[in-house]
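Okay, structure first, notes after.
Number of protein chains: 2
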Amino acid sequence: MTPDTPKDLRALDPIDLDLLALLEVDGRMPNNALAERVGIAPSTCLTRIRRLRELGAIRGFHADVDPAWIGRPIQAMIAVRIRSDARDAIGKFAESLAGIPAVRDVYFVSGSYDFLLHVATADVGDLRTIITERLSGTHLVAGTETHLIFEHRRGN
Amino acid sequence: MTPDTPKDLRALDPIDLDLLALLEVDGRMPNNALAERVGIAPSTCLTRIRRLRELGAIRGFHADVDPAWIGRPIQAMIAVRIRSDARDAIGKFAESLAGIPAVRDVYFVSGSYDFLLHVATADVGDLRTIITERLSGTHLVAGTETHLIFEHRRGN
DNA sequence: AGCAGGACAGAATCTTATTCGGTCCCATTG
DNA sequence: CAATGGGACCGAATAAGATTCTGTCCTGCT
Chain A
1 MTPDTPKDLR ALDPIDLDLL ALLEVDGRMP NNALAERVGI APSTCLTRIR RLRELGAIRG
61 FHADVDPAWI GRPIQAMIAV RIRSDARDAI GKFAESLAGI PAVRDVYFVS GSYDFLLHVA
121 TADVGDLRTI ITERLSGTHL VAGTETHLIF EHRRGN
Chain B
1 MTPDTPKDLR ALDPIDLDLL ALLEVDGRMP NNALAERVGI APSTCLTRIR RLRELGAIRG
61 FHADVDPAWI GRPIQAMIAV RIRSDARDAI GKFAESLAGI PAVRDVYFVS GSYDFLLHVA
121 TADVGDLRTI ITERLSGTHL VAGTETHLIF EHRRGN
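If you read the protein sequences in the order shown, they are chains A and B.
The C-terminal position of the first sequence is numbered 156 in the UniProt record's numbering, with every residue numbered one higher than the one before it.
The C-terminal position of the second sequence is numbered 156 in the UniProt record's numbering, with every residue numbered one higher than the one before it.
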């Protein structure tokens with residue numbers, strides 16, 4: 001994250017916002033179609049999208065893969081609390097967690113916990129292994145609270 | 001969600017899994033490149049990907065847009081508890097919540113709360129409005145707990 | 001009014017997607 | 001055991017789309 005203030009909204013005009021909205025819904029919409037939808041030429045559209053990527057407004061394009069289909073039907077949100085005397089190590093620790101294949105998202109939050117881990121595993125055994133060996137088993141972790149996810153749906 | 005058992009993993013071979021892994025990282029990798037990476041012909045690759053979409057293994061392709069750049073720098077995870085005498089209305093209620101522009105994800109979970117709402121708003125005022133008017137203000141909601149999100153990173 | 005900078009459009013080019021016909025492999029059947 | 005049917009795959013041809021380049025227009029500044 002770059003510390004460039006509230007992300008200078010002045011840098012984005014209504015057309016950019018339209019492009020972002022369209023690409024958020026369909027990340028594979030052809031450049032042609034995009035250009036027509038927002039009312040600019042394809043070539044212009046291309047440079048705008050390149051710019052949005054460089055700015056960081058678009059962080060990437062990803063297929064939304066159903067975890068159940070890749071052998072990870074069990075999903076959970078794990079709230080993790082770090083020992084107060086190890087708070088400065090949170091960054092590195094969370095980064096190492098992000099490297100675990102089962103981990104899909106890491107949310108650093110305020111409140112009774114330090115971060116939330118969205119994980120998808122093959123079975124509850126694997127889930128337990130992560131919790132006991134990668135979290136509770138670590139001297140950095142003061143406690144965890146696991147919530148099984150029954151269903152996950154995107155907004156809009 | 002279709003109730004087709006543990007998503008019949010037998011339907012996916014190692015090549016399919018490779019394709020899913022690649023597309024999850026880069027949803028815009030050209031079909032050409034994909035085919036070469038997994039060792040099949042482009043035409044074959046195309047039919048496989050079409051099939052993965054039809055099966056539901058790939059739910060869609062989306063640009064990962066930084067909320068801060070579209071005027072929503074404030075993110076939060078809101079834990080929502082539904083009144084026990086209104087549990088059967090959760091589905092419709094959550095669905096209506098998913099329609100709010102600020103809502104990015106809805107997680108139905110087990111534990112002390114019924115679902116988690118990942119929201120991104122323009123300011124804390126908007127966040128408050130959602131909590132008081134769309135959640136606490138509703139007779140369905142027994143309580144909420146809001147955690148500001150300082151940072152969100154994807155796994156891997 | 002003249003000038004410089006930036007953004008855009010349109011045409012040309014090149015890359016990529018998609019379709020189509022035919023081949024190979026495997027399992028089933030006579 | 002050989003013939004048959006089905007499925008998946010490949011490669012070439014075609015269609016579609018991406019990308020580059022050049023010239024124009026608009027805007028802001030002097």
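Positions of the beta carbon are idealized from the N, C-alpha and C atoms, including for glycine.
- Message: If the criterion is Cβ atoms closer than 8 Å, does the pair Phe115 of chain B and Ala94 of chain B meet it?
- Response: yes
- Nearest-angstrom Cβ-Cβ length linking Met77 of chain A and Tyr107 of chain B, presumed shorter than 8 Å: 6 Å
- Query: Which partner residues does residue 199 of chain A have in the DSSP bridge list?
  - Reply: Within the shown structure, residues of chain A are numbered from 1 to 156, placing residue 199 of chain A beyond reach of any answer.
- Message: Distance check for Ala102 of chain B and residue 160 of chain A, CA to CA, integer angstroms please.
- Response: Since the first residue of chain A shown is 1 and the last is 156, residue 160 of chain A is not available in this structure.
- Give me the Cβ distance between Ile74 of chain A and Thr144 of chain A, rounded to the nearest whole Å; I'm assuming they're in contact under 8 Å. Not really, about 16 Å apart at Cβ, beyond 8 Å.
- Message: At a CB distance below 9 Å, what residues from the region 135-149 of chain B approach chain A? Give them in sequence order.
- Response: Glu145, Thr146, His147, Leu148, Ile149
- Item | Residues of its chain near Thr5 of chain A, where Cβ-Cβ distance is below 6 Å and the 5 sequence neighbours each way are ignored | Its pLDDT being 42, under 50, Thr5 of chain A is placed unreliably by the model, and the measurement read from it follows with that caveat. The answer is none, since no qualifying residue turns up.
- Scan the UniProt domain "HTH asnC-type" (12-73) of chain A and note each continuous alpha helix (DSSP H) run of 4 residues or more that stays entirely inside, going in chain order. 14-25, 31-38, 42-55
- Message: Beta carbons nearer than 7 Å to chain B: which residues of the region 108-126 of chain A have them?
- Response: Phe108, Val109, Ser110, Gly111, Leu116
- Distance between Ser110 of chain B and Arg153 of chain A (C-alpha atoms, nearest Å): 15 Å
- Got a sec: is the Cβ-Cβ distance from Arg87 of chain A to anything in chain B below 8 Å? no
- Note down, in chain order, every chain B residue with its Cβ under 8 Å from the Cβ of Pro101 of chain A. Gly155, Asn156
- Message: Contact criterion: CB-CB distance below 8 Å. Does Arg81 of chain B meet it with respect to chain A?
- Response: no
- Item | One or two residues paired with Gly143 of chain A in a DSSP bridge | A:Arg81
- Mind checking which residues open and close the beta strand (DSSP E) that includes Arg104 of chain A? 103-109
- Message: If you reduce the DSSP assignment to three classes, tell me which class Ala122 of chain B lands in.
- Response: coil
- residue 172 of chain B bridges to which residues according to DSSP? In the structure displayed, chain B extends from 1 to 156; residue 172 of chain B sits before or after that span and is not available.
- Can a CB atom of chain B be found closer than 8 Å to the CB of Phe93 of chain A? no
- Does any residue of chain B bring its CB to less than 8 Å from the CB of Ala33 of chain A? no
- Query: Does Leu12 of chain B come within less than 8 Å of chain A when only Cβ atoms are used?
  - Reply: yes
- Task: Report buried or exposed for Gly27 of chain A, applying the criterion of at least 16 other Cβ atoms within 10 angstroms of its Cβ.
- Result: buried
- His62 of chain B and Glu24 of chain A look like a contact to me (Cβ under 8 Å); what is the Cβ gap, rounded to whole Å? 6 Å
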